[in-house]
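Here's the structure, in structure tokens; my notes come after.
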Amino acid sequence: MTSPLLEVRSACKSYDEGRIEALRGVDLSIAAGEYMAISGASGSGKSTLLHLLGGLDRPTSGEVLFRNSGLGSAMDLDTYRSSYVGFIFQAFHLMPTLRAIENVQLPMLSLSRSRFDRAARARELLSELGLEHRMEQYPNQLSAGERQRVAIARALANDPQILLADEPTGNLDSVTSARIMEILTGIHMRRGMTLVVVTHDNAIADSAARQIRIRDGKVEA
Amino acid sequence: MAYQLSFSGFVWRNLWRRRLRTLLTLCGIGVAIGAFVGLVGFSSAFEQAWLRIYTSSGTDIAVIQRTFLNTSVDESVGAKLRALPVVAQATPMIYNVMDLTPDVNALAYGWKADSYEFESLHILSGRRFSDGKPEVMLGDLLAEDLKKKPGDTLEIQDSPFKVVGVYHGGSALEADAVIMPLDQLQQLSSLQGKVSTFHVRLRPTPPGESPEQYLKYAQAQIEASLPTLRAVPAAERASNNEFVRLAHASAWGTSSIALLIGILGIANTMAMSVFERTRELGILRALGWKRWQVLMLIQMEAAVLGLGGGLLGIALGWCALHVLAALPQTASIVSAHVALPLLAETLGIALLAGLIAGAVPAWRGAQLSPVEALRCD
Chain A
1 MTSPLLEVRS ACKSYDEGRI EALRGVDLSI AAGEYMAISG ASGSGKSTLL HLLGGLDRPT
61 SGEVLFRNSG LGSAMDLDTY RSSYVGFIFQ AFHLMPTLRA IENVQLPMLS LSRSRFDRAA
121 RARELLSELG LEHRMEQYPN QLSAGERQRV AIARALANDP QILLADEPTG NLDSVTSARI
181 MEILTGIHMR RGMTLVVVTH DNAIADSAAR QIRIRDGKVE A
Chain B
1 MAYQLSFSGF VWRNLWRRRL RTLLTLCGIG VAIGAFVGLV GFSSAFEQAW LRIYTSSGTD
61 IAVIQRTFLN TSVDESVGAK LRALPVVAQA TPMIYNVMDL TPDVNALAYG WKADSYEFES
121 LHILSGRRFS DGKPEVMLGD LLAEDLKKKP GDTLEIQDSP FKVVGVYHGG SALEADAVIM
181 PLDQLQQLSS LQGKVSTFHV RLRPTPPGES PEQYLKYAQA QIEASLPTLR AVPAAERASN
241 NEFVRLAHAS AWGTSSIALL IGILGIANTM AMSVFERTRE LGILRALGWK RWQVLMLIQM
301 EAAVLGLGGG LLGIALGWCA LHVLAALPQT ASIVSAHVAL PLLAETLGIA LLAGLIAGAV
361 PAWRGAQLSP VEALRCD
């Protein structure tokens, strides 16, 4: 049996000096190239789990391993995020002062790539996502769907192995949501990337090859 | 290719985004740096004017008291100085600041009538004064200011002095000054038998010895012979005499206060910027930016504010010096020319001010937890 790409072992996460327990002993394995949906009610701990998977946070106890290396111990979280993970957020989180093409270049500034390469890569990604005519627009000149496509291009900028999406369709209408999910699953299949989507939407959760449900900080059986 | 995003480009966009605040911060640091350029430029010009007094007369060494406040030297020291083999000439002098009219005060020098210092003056009209007589010579700028010419009388501290000559000096500090017999100024200053300093011309440097070595040797000889006094090379004396020291101290003191206010302005701007951009900084961290890169981003923004303010300040200081150089009251001392080392020093200080001001906000920005920052509205 091949070892998992990501593994969560007995992860607990609490806030406010232990008064709030967001995760309570989560165990989870994610294989390379897997498409997994994490669903659950608001406040169930699904976003907290996504943050741990993405190296944005550390568990209060337990551990998260990437290719058997402990995140935050054997592997530096900054390096993990910049080289292996791409994030997509519900609220897009694009920089308002940067054009679409510049927003896509932002993650690449953390790595040593030439300016020319960065711009060429951003152009290529935006074209792939059907935004070749919108590259020079600022976020406020784009529709919600276009903004999320720019955010997807930005998440792909450093060619990550894992794509983590936190409610990626939460701010979109149903037609645009379907288009965005089509893009994400297409990327997952074409590139063989690991895709983890946090969602409220049962239809999206059902579209994933594997679905887990979080309830009160625990993975439901 | 168009729209290539660089780190510095991102810095610029962040500053441009809040243009009014950026502009106001630039003005704050610019005024501080402008004050620095103007005041330090003024005090440097003042120092240069003193240096010209020494260089134009060929003075090598000034002999003064070792203490700062008690600046009077016994006049009888002159004989001992002249007896030293290294000394070619030694001339006593007093300098003081005197009220000539209710509106005009000027530097007053007391010289001997046979002082070699006269060699640096060009007498435009009249003649040299005589020792023991109530006579004065006026610098051309002062004569114009007082509207006096040879033959006129000038009241100094209720005593009438006859203007016997008008001269042009090698230094602005002489052109705007009055020179009178040493004994007369001793009497006016209640310094009978005392002088401020002795100016010394050394004998020519012996063959095979460097001027610097010879100067040091002469200093040692004079100080060994007169242990209570200091023999100071002319260039050093020009930069550390009481007037210049006070000018430098007040220039640096005033501009330091202005600079501190400028630094606080940048620090405030950067702290507000970090506070307002908390979520954006969290996004950058989520996108893989390392702590040091966030720190660099904020520090570079602060450095750009410092440098921008520095350039603005240089322009303001340059304008201020031009205005001072054009005013009749200060024209003789102030030069509109700003020396390159002062410009480099100013830009260095401005950059340092930006970095100091940005240090704490940058550190705080870099320490933000990505998750906490992303939750921030």
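Protein chains in written order, with my numbering: chain A, 1 to 221; chain B, 1 to 377. Ideal Cβ positions, reconstructed from N, Cα and C, are used throughout, including at glycine.
Go ahead and pull the three-state DSSP assignment for residue i.
{"i": "Leu137 (chain A)", "result": "Note that residue 137 (chain A) is Gln in the sequence shown here, rather than Leu. Three-state result, Gln137 (chain A): coil."}
{"i": "Thr197 (chain B)", "result": "strand"}
{"i": "Trp289 (chain B)", "result": "coil"}
{"i": "Gly354 (chain B)", "result": "helix"}
{"i": "Asn14 (chain B)", "result": "helix"}
{"i": "Lys149 (chain B)", "result": "coil"}
{"i": "Glu169 (chain A)", "result": "Here residue 169 (chain A) is Thr; the residue named in the question, Glu, does not match the sequence. Looking at Thr169 (chain A) - three-state DSSP - the assignment turns out to be coil, as it is neither helix nor strand."}
{"i": "Phe241 (chain B)", "result": "Checking the displayed sequence, the identity of residue 241 (chain B) turns out to be Asn instead of Phe. In this structure, Asn241 (chain B) counts as coil in the three-state DSSP scheme."}
{"i": "Thr254 (chain B)", "result": "helix"}
{"i": "Arg66 (chain B)", "result": "coil"}
{"i": "Gln213 (chain B)", "result": "helix"}
{"i": "Gln211 (chain A)", "result": "strand"}
{"i": "Ser89 (chain B)", "result": "Position check: residue 89 (chain B) holds Gln in this sequence, whereas Ser was assumed. DSSP places Gln89 (chain B) in strand when its eight states are reduced to three."}
{"i": "Pro204 (chain B)", "result": "coil"}
{"i": "Cys27 (chain B)", "result": "helix"}
{"i": "Thr22 (chain B)", "result": "helix"}
{"i": "Thr228 (chain B)", "result": "coil"}
{"i": "Thr176 (chain A)", "result": "helix"}
{"i": "His200 (chain A)", "result": "coil"}
{"i": "Leu164 (chain A)", "result": "strand"}
{"i": "Met36 (chain A)", "result": "strand"}
{"i": "Pro4 (chain A)", "result": "coil"}
{"i": "Gly165 (chain B)", "result": "strand"}
{"i": "Glu21 (chain A)", "result": "strand"}
{"i": "Met272 (chain B)", "result": "helix"}
{"i": "Arg375 (chain B)", "result": "helix"}
Under 6 Å Cβ to Cβ from residue i, same chain only, skipping five residues before and after it: list those, please.
{"i": "Pro211 (chain B)", "result": "Thr205"}
{"i": "Ile370 (chain B)", "result": "In the sequence as presented, Ile is not what sits at residue 370 (chain B); that position holds Pro. The answer, listed in chain order, is Gly282, Arg285 and Ala286."}
{"i": "Trp252 (chain B)", "result": "none"}
{"i": "Gly193 (chain B)", "result": "Glu75"}
How about residue i and residue j: do their beta carbons lie closer than 8 Å?
{"i": "Glu146 (chain A)", "j": "Arg134 (chain A)", "result": "yes"}
{"i": "Trp292 (chain B)", "j": "Ala366 (chain B)", "result": "yes"}
{"i": "Gly151 (chain B)", "j": "Arg52 (chain B)", "result": "no"}
{"i": "Ile214 (chain A)", "j": "Met193 (chain A)", "result": "no"}
{"i": "Gly282 (chain B)", "j": "Gly354 (chain B)", "result": "no"}
{"i": "Ser196 (chain B)", "j": "Met93 (chain B)", "result": "yes"}
{"i": "Gly288 (chain B)", "j": "Ser82 (chain A)", "result": "yes"}
{"i": "Gly126 (chain B)", "j": "Val73 (chain B)", "result": "no"}
{"i": "Gly62 (chain A)", "j": "Ser10 (chain A)", "result": "yes"}
{"i": "Arg118 (chain A)", "j": "Gln4 (chain B)", "result": "yes"}
Which word fits residue i, buried or exposed, when buried means at least 16 other C-beta atoms lie within 10 angstroms of its C-beta?
{"i": "Met1 (chain A)", "result": "Only weak support exists for where Met1 (chain A) lies, its pLDDT of 49 falling under 50; the value from the coordinates is given anyway. Burial call: exposed."}
{"i": "Asp99 (chain B)", "result": "exposed"}
{"i": "Phe66 (chain A)", "result": "buried"}
{"i": "Tyr15 (chain A)", "result": "exposed"}
{"i": "Gln157 (chain B)", "result": "exposed"}
{"i": "Trp16 (chain B)", "result": "exposed"}
{"i": "Gly43 (chain A)", "result": "exposed"}
{"i": "Leu98 (chain A)", "result": "buried"}
{"i": "Ser110 (chain A)", "result": "buried"}
{"i": "Val323 (chain B)", "result": "exposed"}
{"i": "Ser39 (chain A)", "result": "buried"}
{"i": "Val37 (chain B)", "result": "buried"}
{"i": "Ile20 (chain A)", "result": "exposed"}
{"i": "Ile257 (chain B)", "result": "exposed"}
{"i": "Glu220 (chain A)", "result": "exposed"}
{"i": "Met181 (chain A)", "result": "buried"}
{"i": "Gly310 (chain B)", "result": "buried"}
Is there at least one Cβ from chain D nearer than 8 Å to residue i's Cβ?
{"i": "Ser82 (chain A)", "result": "Structure shown: chain D not included; protein chains present are A and B."}
Can you find the residues in the same chain that come closer than 8 Å, C-beta to C-beta, to residue i, ignoring five residues on each side of it along the sequence?
{"i": "Glu333 (chain B)", "result": "The residue asked about is misnamed: residue 333 (chain B) is Ile in this sequence, not Glu. Only Phe42, Ala45, Phe46, Ala49, Ala172, Leu173 and Asp176 meet the Cβ criterion."}
{"i": "Val104 (chain B)", "result": "Leu142, Asp145 and Leu146"}
{"i": "His93 (chain A)", "result": "Ala151"}
{"i": "Arg128 (chain B)", "result": "Ala113, Phe118, Met137, Val164 and Gly165"}
{"i": "Leu342 (chain B)", "result": "Val37, Val40, Gly41 and Ser44"}
With a CB to CB cut of under 7 Å and the five nearest residues on each side skipped, what residues in its chain are close to residue i?
{"i": "Ser225 (chain B)", "result": "Lys80 and Leu84"}
{"i": "Arg392 (chain B)", "result": "Residue 392 (chain B) falls outside the range modelled here, since chain B spans only 1 to 377, and no answer is possible."}
{"i": "Phe7 (chain B)", "result": "none"}
4 or more residues per run - each alpha helix (DSSP H) lying fully within the segment 105-132 of chain A: 115-128
Mind pulling the beta strand (DSSP E) runs of 3 or more residues that sit fully within the segment 44-109 of chain A? 61-66 and 85-88
Give, in chain order, every unbroken run of the beta strand (DSSP E) that is at least 3 residues long and sits entirely within the segment 309-368 of chain B. none
Starting from the N-terminal side, write out each stretch of the alpha helix (DSSP H) that is 4 residues or longer and does not extend beyond the segment 91-151 of chain B. Counting only runs of 4+ residues, the alpha helix (DSSP H) found wholly inside the segment 91-151 of chain B occupies 140-146, in chain order.
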